[in-house]
Amino acid sequence: MKNKAPVLKGKNAKKGRETSRPSASFSRQREKRPEPPGAAVRRLKYVLAILMIIVVGLGMEYFWNVPVLFRENRGVAQISLDQAASEGFTRTDEGLLLTEDKGTISIGLGGAYVDRFVYHFQYDHLLNAKIYVCYYNEYGEADPDQDLLIEDRNNKITQSSSLNIGKRVDSIVISLDKSQLGETGTRQEAAEEPLYITGFEVRNVPAFNWYRVGFFWVLLGLTAFFWLFRGYLGRHVEAGFLAVCLAVGSLTICALPANKVGFDEETHLYRAMGLASFPSGMNINQTVFALMVPNLDSWPENQPGSAMEQELLRDYLNENGNYKTGEIHLEPQIPAGTIPAYLGQALVLKLCKGFHVPWGTMLTLGRFGNLFCYAALMYFAIRKTPVGKVIMAVIGLMPTSLFLACTYSYDSWVTGWIYLGTACLLKEILTPEKAISWKSWLFILLCFLLGCAAKAVYAPLVLIGLLLPAKKFDSPKKKIIMRTGFVLLLLGLLASFVLPVLIAPSATGDTRGGDTSEAGQMSYILGHFWGYLKILFGNIIPAMPKMLFGRDIFSVQGHLADSSFTWLAMGLAAYAVITDTRSAAGRGLGSWQKVWIFLMLGGSALLVWTSMYIAYTEPGRVVIAGVQGRYYLPILFLFYLLLNSRLIIARIKNIWYHTGVLAVSSLLLLATLWQTVIVPMCM
């Protein structure tokens, strides 16, 4: 008979089991699975793609410089003041002084190739000039009727203007008019400032342009990304949104000048810096302060016109900006509801302060805080929503939407949180078979609170929560509490917006609107209520097409030029609305649900227009001033969902559908960036 192994009991049994277990390292080795077939090939493919992108991008930059590389007059040619023929100027030791009301300077170049023409000046104001370039046409003849006219607007800081020409030039004429110097309200002062033109040069020098190379790399990188990951994008359109948003957004931020470019950007920078300087307050000098208030030093209509001017501006700000021990002490009073909206920007600015980053560079880096918050919020919103994923991605990648995320602003924060709250709410509404948890309910309230606290005009959207089906609630008590919560949040948000105006209206409104008065405007509204309603709808209805489908909501780029590709944006939006009919919940919104949502959207629109009528429009005016298309972005997704019909079925695989839409969105963004930023500011 074989001897049986002893039976261990109690603690000894436990020890026996423990000693019989394999070691942790052995377990990890045993659990390690073999590499999937083709993984090494895929890694090699990705590495080769990256290398090709880098090499091809550099090659494109080389070919861009070919027109300059082999020119006989390659180099920098200085042109003396004596070689220029002038009228209205007097020759002095400092240079050519503008002494008449109008003056011209003509420089003959005899058909020489000019890549860039640079002129230097001394002037303590905004220099606005007209440059006439008489160039040789395709037949090698100078034709004055084909003069290239350049409206050259220069800021106070750079004291140099670099003009990109790239043609064989017969002559260049600089035309100045004292009545056009400066800006409205400062013309007289600008005309009295002495203006000297101090030198000219022709620069035919090959230049490695990081802005241009970055553009090529992003273009090629996104092309490769769409092709290599098209299968993944077919399942996760939100990943494609994130890639496009971060790639094009980062390039945009790097290419934008260290200057005010967005609407009210000085106010948002002031608040973000104030939050980053809490609790000690800001100690800044005039160079830093000039970017936080409307100021001629950062006048948004006079932006750097080339990469050289951008470098001069950033160098000036880096050398002169003091944001730690300056003579100006400020403790900004930031509206409580807007504080969360600046956290991302303030965090980056705080880190920059800790690492002693120069002011000009810090100004650029702070914008990344806004972009990252927007990208994250929209990513999770697109991922969460059961319907309209492509519609939301398309809206989020419109030129205006991304531009707002690339500047100091709280608009993208508001849109991101409202979209995330809407996505969570839609998921609950369209899955009636699953009870809503307290956690989900609280998160939805938090999303709308964070989104609407900065702009309470969107508070009516909270009442979409009343569409939650009765079967979503485990008990009548839970139903009452949750629905009451939506109503109380609405009342709280409206109280922060409406009550101050009703109880104690200010004697003045937003001074940018002119002679505004909240008290005066309220007297008109309350005294002529039916007349006000007529004015209100008389302004809203005619503006709806451009606010919901047109240039104002798709193409506006702050103080920069508007995108020329509104037609493409409109077509893309229409395509998404018509074709994005899939629902992860297996159902869409019902007719009565759409009616309720429409009423809540209408309520938000009425509050937007009324707020601008009270704060931004002079009392008694019948045209409401200040309403911009960007104010419709937080409600645009739901509005497009109302137009969406499941009667139309797009029989196209997601692998091509998602990839195609993202590719067109990228093309739209890059074309807009090239037109509004790269060419006019970075060449």
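Numbering follows the UniProt record's numbering, in which position 412 of the sequence shown is assigned residue number 412; successive positions increment by one, without gaps.
All residues carry an ideal CB built from backbone N, CA and C; glycine is no exception.
By DSSP's criteria, Glu72 is part of a beta bridge. Which residues make up the other side?
Here residue 72 is taken as the residue at index 72 of the sequence shown, counted from 1. Answer by DSSP bridge pairing: none, since Glu72 is not bridged.
Please report the distance separating the alpha-carbon of Gly416 from that of Thr385.
Indexing the sequence shown from 1 puts residue 416 at position 416. Indexing the sequence shown from 1 puts residue 385 at position 385. So the alpha carbons of these two residues sit roughly 13 Å apart.
Give me whichever residues DSSP pairs with Ser175 in a beta bridge.
By one-based count along the sequence shown, residue 175 stands at place 175. Per DSSP, Thr104, Lys130.
Buried or exposed for Gly140, going by 16 or more other Cβ atoms inside 10 Å?
As a working note, residue 140 is residue 140 in the sequence shown. Its Cβ having fewer than 16 others within 10 Å, Gly140 is exposed.
Return the CA-CA distance between Thr338 and Ala456, expressed in angstroms with no decimal places.
By 1-based counting over the sequence shown, the position of residue 338 is 338. By 1-based counting over the sequence shown, the position of residue 456 is 456. Answer to the nearest angstrom: the Cα atoms are 10 Å apart.
Just confirm the distance between the C-beta atoms of Leu489 and Phe448, as a whole number of angstroms; I'd bet it's less than 8 Å.
Walking along the sequence shown from the start, residue 489 turns up at place 489. Walking along the sequence shown from the start, residue 448 turns up at place 448. So it is a contact: roughly 6 Å between Cβ atoms.
Are the Cβ atoms of Ala375 and Leu220 separated by less than 8 Å?
For the purposes of this step, residue 375 is identified with residue 375 of the sequence shown, where counting begins at 1. For the purposes of this step, residue 220 is identified with residue 220 of the sequence shown, where counting begins at 1. Not closer than 8 Å, so no.
Use the C-beta contact count for Thr484: other C-beta atoms within 10 angstroms, 16 or more gives buried, fewer gives exposed.
Reading the sequence shown from its first residue, position 484 is the one you call residue 484. The residue in question, Thr484, is exposed, as its Cβ has fewer than 16 Cβ neighbours within 10 Å.
Please state whether DSSP places Ala86 in a helix, a strand or coil.
As a first step, residue 86 is located in the sequence shown; it is residue number 86 there, counting from the start. A quick correction: the sequence has Ser, not Ala, at residue 86. Three-state result, Ser86: strand.
Enumerated in chain order, which unbroken segments of the beta strand (DSSP E) with a length of 3 residues or greater are wholly contained in the segment 405-439?
none
According to DSSP, simplified to helix, strand and coil, what is Leu149?
Taking the first residue of the sequence shown as position 1, residue 149 is located at position 149. Strand, per DSSP.
Beta-bridge partners of Glu201, as assigned by DSSP:
Within the sequence shown, numbered from 1, the residue matching residue 201 stands at position 201. Answer is Gln78, Val118, bridged to Glu201.
Whole angstroms are fine: how far does the CA of Pro37 sit from the CA of Phe26?
Position 26 of the sequence shown, counting from 1, holds the residue named residue 26. Position 37 of the sequence shown, counting from 1, holds the residue named residue 37. Note that Phe26 scores 48 on pLDDT, short of 50, meaning its location in the model is unreliable; the coordinates nonetheless yield the value given after this. In a straight line, the C-alpha of Phe26 is about 24 Å away from that of Pro37.
If we ignore side chains and look at the alpha-carbon of each, how far apart do Phe229 and Asp147 end up?
Residue 229 sits at position 229 when you count from the first residue of the sequence shown. Residue 147 sits at position 147 when you count from the first residue of the sequence shown. The alpha-carbon atoms of Phe229 and Asp147 are separated by roughly 48 Å.
Taking the C-alpha atoms as reference points, what is the distance between Lys439 and Leu445?
By 1-based counting over the sequence shown, the position of residue 439 is 439. By 1-based counting over the sequence shown, the position of residue 445 is 445. Looking at the two C-alpha atoms, the distance is approximately 10 Å.
Span separating the alpha-carbon of Arg314 from that of Ile678:
Within the sequence shown, numbered from 1, the residue matching residue 314 stands at position 314. Within the sequence shown, numbered from 1, the residue matching residue 678 stands at position 678. Distance between the alpha carbons of Arg314 and Ile678 is about 17 Å.
Does the beta-carbon distance from Val244 to Leu222 come in below 8 Å?
Here residue 244 corresponds to residue number 244 of the sequence shown, with the count starting at 1. Here residue 222 corresponds to residue number 222 of the sequence shown, with the count starting at 1. In contact: Val244 and Leu222 (Cβ atoms closer than 8 Å).
Counting C-beta neighbours from all protein chains within 10 Å, is the total for Leu48 16 or more, i.e. buried, or is it exposed?
Taking the sequence shown and counting its residues from 1, the one referred to as residue 48 is at position 48. Flag for Leu48 reads exposed.
Mind checking whether Thr579 and Ala663 have CB atoms under 8 Å apart?
Position 579 of the sequence shown, counted from the start, is the residue given in the question as residue 579. Position 663 of the sequence shown, counted from the start, is the residue given in the question as residue 663. For Thr579 and Ala663, no; Cβs fall outside 8 Å.
I'd like the span of the beta strand (DSSP E) that includes Trp282, first residue to last.
Counted from its first residue, the sequence shown places residue 282 at position 282. First, the residue type needs correcting, since residue 282 is Met and not Trp in the sequence shown. Counting along the chain, the beta strand (DSSP E) containing Met282 begins and ends at 282-284.
Judging by CA-CA distance, which residue of His329, Cys406, Leu256 is the nearest neighbour of Phe289?
Against the sequence shown, residue 289 aligns to sequence position 289. Ranking His329, Cys406, Leu256 by Cα distance to Phe289 puts His329 first.
Could you check what DSSP says for Tyr196 in three-state terms: helix, strand or coil?
Here residue 196 is taken as the residue at index 196 of the sequence shown, counted from 1. Correct three-state label for Tyr196: strand.
Assign Ala84 to buried or exposed, taking buried as 16 or more other Cβ atoms, counted over all protein chains shown, within 10 Å of its Cβ.
Translated into the one-based positions of the sequence shown, residue 84 becomes position 84. Ala84 comes out buried.
When DSSP builds the beta bridges, which residues end up paired with Val47?
Translated into positions along the sequence shown, residue 47 becomes position 47. Answer is none; Val47 lacks a bridge partner.
Is the separation between the beta-carbon of Ser162 and that of Glu319 shorter than 8 Å?
As a first step, residue 162 must be located in the sequence shown, where it is residue number 162. As a first step, residue 319 must be located in the sequence shown, where it is residue number 319. No, the pair does not count as a contact, with Cβ atoms beyond the cut-off.
I'd like the list of long-range same chain contacts for Lys594, defined as Cβ closer than 6 Å, with 5 residues on each side in sequence excluded.
By one-based count along the sequence shown, residue 594 stands at place 594. Excluding residues within five positions, the ones whose Cβ falls inside 6 Å are Leu642.
Which residues bound the beta strand (DSSP E) around Leu233?
Residue numbering aside, residue 233 sits at position 233 when the sequence shown is read from its first letter. Here Leu233 belongs to no beta strand (DSSP E); instead the alpha helix (DSSP H) covers 230-235.
Pair within 8 Å by beta-carbon distance, Asn259 and Tyr113
Translated into the one-based positions of the sequence shown, residue 259 becomes position 259. Translated into the one-based positions of the sequence shown, residue 113 becomes position 113. No, these two residues do not count as a Cβ contact at 8 Å.
Sort Lys353, Val202, Tyr408, Pro399 by Cα distance to Cys373 and report the nearest one.
Reading the sequence shown from its first residue, position 373 is the one you call residue 373. Per the Cα distances, Tyr408.
In terms of residue numbering, what span does the beta strand (DSSP E) encompassing Ile328 cover?
On the sequence shown, position 328 is the one that residue 328 refers to. 328-330 is the span of the beta strand (DSSP E), which, as asked, contains Ile328.
Answer with buried or exposed for Pro194, where buried requires no fewer than 16 other C-beta atoms within 10 angstroms of its C-beta.
As a working note, residue 194 is residue 194 in the sequence shown. Pro194 is exposed by the Cβ-count criterion.
For Gln78 and Lys353, what's the separation of their Cα atoms in angstroms?
Locating residue 78 in the sequence shown gives position 78, where the first residue counts as 1. Locating residue 353 in the sequence shown gives position 353, where the first residue counts as 1. Going by the C-alpha atoms only, they are around 41 Å apart.
Hey, how far is the Cα of Phe380 from the Cα of Gly421?
Sequence index remark: in the sequence shown, residue 380 carries index 380 (1-based). Sequence index remark: in the sequence shown, residue 421 carries index 421 (1-based). Rounded to whole angstroms, Phe380 to Gly421 spans 10 Å at the Cα level.
For the segment 428-443 against the segment 466-474, are there 3 or more C-beta pairs whose distance is under 8 Å?
yes
Can you give me the Cβ contacts of Ile648 inside the same chain, cut-off strictly under 8 Å, excluding the 5 residues immediately before and after it?
The sequence position of residue 648 within the sequence shown is 648, counting from 1. Result list for Ile648: Ile578, Thr579, Thr581, in chain order.
Roughly how many whole angstroms lie between the Cα atoms of Ile172 and Cys134?
Indexing the sequence shown from 1 puts residue 172 at position 172. Indexing the sequence shown from 1 puts residue 134 at position 134. So the two alpha carbons sit approximately 6 Å from each other.
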